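Peer 1:
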Amino acid sequence: MIRILFVFFLLLNAAYFYLQFDAADAPASSSILKEPPLPAGVGRLVLLRERGLGISKSPLPTARPESPPVQNVKSKPPKVVANVPAAPSREPPAAPPVAKTREPACFTLGPFTKESIMQRTAKALLAWNVEVRQRDVTRRIPKGYWVYLPPSKSYQAAKRKVEALRKKGLTDLFIMGKGSRKNAISLGLFKRKSTAEERFQQVKKLGLKAVLETQYRRRKQHWLDMKVADGKIATVAAITEIADGLPQAELTQ
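Everything in the sequence shown is counted per this note's numbering, starting at 3 for the first residue and increasing by one.
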């Protein structure tokens, strides 16, 4: 009995295996196989599980990207740009030259020994719009040249020298009786220096130690300091002409 059941179940399993194998090879029903038509160029989608079942053995077509429709555009000829030379850069116009002003010219006229002459000259200069300034200076002016022999120890000694000089032909001798030159022998007081030098050399040749001394006196002098704006030539010429009419005054710049 057991053997019969074993054979029965064995045949039953074989029949079941046969039916399953036959169902796998059989074509799918019409309800499953029917698919809607696909557009041109579009591949069929395949599920992963269908690949394992061998439904689609051929490689899947790759979807090509749709290229945009080509528009029929008329190509324009390229623009031809003329090779125009660049305009030269223009430098800004130079500023007009500034007129150079001349420096003021300065002069000094003098000395004037008399104030009245100085005042008349200043008035003439002011007529030419000259800036004038008066300047007074006290100076020592030579008044003469004295030739003498140094003081002797006594008046009697000086007198003996005078007698000896007269014998040698010297005249105009005088013994100083007071002051810092007491007992000195004066050989002459001269206004001109050249005359005093001649007397000095005459006494020196006699072997005597004579002295030539310049005598001074103080005198107040007047000067005019002038300034000419911009150094005007006409004004400078007028100043020169005025100075030429003053023989005792000198024009310096």
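Glycine included, every Cβ here is placed at the ideal spot set by N, Cα and C. Here the structure is a predicted model, which means the values were calculated and not measured.
From the DSSP output, which residues share a beta bridge with Met228?
Peer 2: What you label residue 228 is simply residue 226 of the sequence shown in a count that begins at 1. Partner(s): Phe109 and Val134.
Peer 1: What are the boundary residues of the beta strand (DSSP E) that includes Thr173?
Peer 2: Position 171 of the sequence shown holds residue 173. Per DSSP, Thr173 belongs to no beta strand (DSSP E) and is neither H nor E.
Peer 1: From Gln158 to Tyr218, what distance separates their C-alpha atoms?
Peer 2: In the sequence shown, residue 158 corresponds to position 156, counting from 1. In the sequence shown, residue 218 corresponds to position 216, counting from 1. Cα to Cα, the separation comes out at about 30 Å.
Peer 1: Could you spell out the range, first to last residue, of the beta strand (DSSP E) harbouring Leu1?
Peer 2: One cannot answer for residue 1 here, as it falls past the ends of the chain, which runs 3 to 255.
Peer 1: Does the distance from the C-beta atom of Ala126 to that of Leu226 stay below 8 Å?
Peer 2: Taking the sequence shown and counting its residues from 1, the one referred to as residue 126 is at position 124. Taking the sequence shown and counting its residues from 1, the one referred to as residue 226 is at position 224. Not closer than 8 Å, so no.
Peer 1: Work out the CA separation of Ile177 and Lys169 for me, nearest whole Å.
Peer 2: Position 167 of the sequence shown, counted from the first residue, corresponds to residue 169. Position 175 of the sequence shown, counted from the first residue, corresponds to residue 177. Going by the C-alpha atoms only, they are around 16 Å apart.
Peer 1: Suppose you measure from the CA of Ser31 to the CA of Phe19; what does that come to, to the nearest Å?
Peer 2: The sequence position of residue 31 within the sequence shown is 29, counting from 1. The sequence position of residue 19 within the sequence shown is 17, counting from 1. With a pLDDT of 46 at Ser31, under the threshold of 50, the predicted position of this residue should be treated as unreliable, though the coordinate-derived value follows. Whole-angstrom Cα-Cα distance: 21 Å.
Peer 1: Thinking just about the alpha-carbon of each residue, which of Leu12, Leu21, Phe8 and Lys116 is nearest to the one in Leu248?
Peer 2: Within the sequence shown, numbered from 1, the residue matching residue 248 stands at position 246. That would be Lys116, whose Cα lies nearest to the Cα of Leu248.
Peer 1: Using a Cβ-Cβ cut-off of 8 Å (strictly less than) and excluding sequence neighbours within five positions of Ile241, which residues of its own chain qualify?
Peer 2: As a first step, residue 241 is located in the sequence shown; it is residue number 239 there, counting from the start. Taken in chain order, the residues that qualify are Phe109, Leu111, Leu127, Trp130, Val132, Met228, Val230 and Leu253.
Peer 1: Mapping DSSP to helix, strand and coil, what is Lys161?
Peer 2: Walking along the sequence shown from the start, residue 161 turns up at place 159. Assignment of Lys161 by DSSP, reduced to helix, strand and coil, places it in the helix class.
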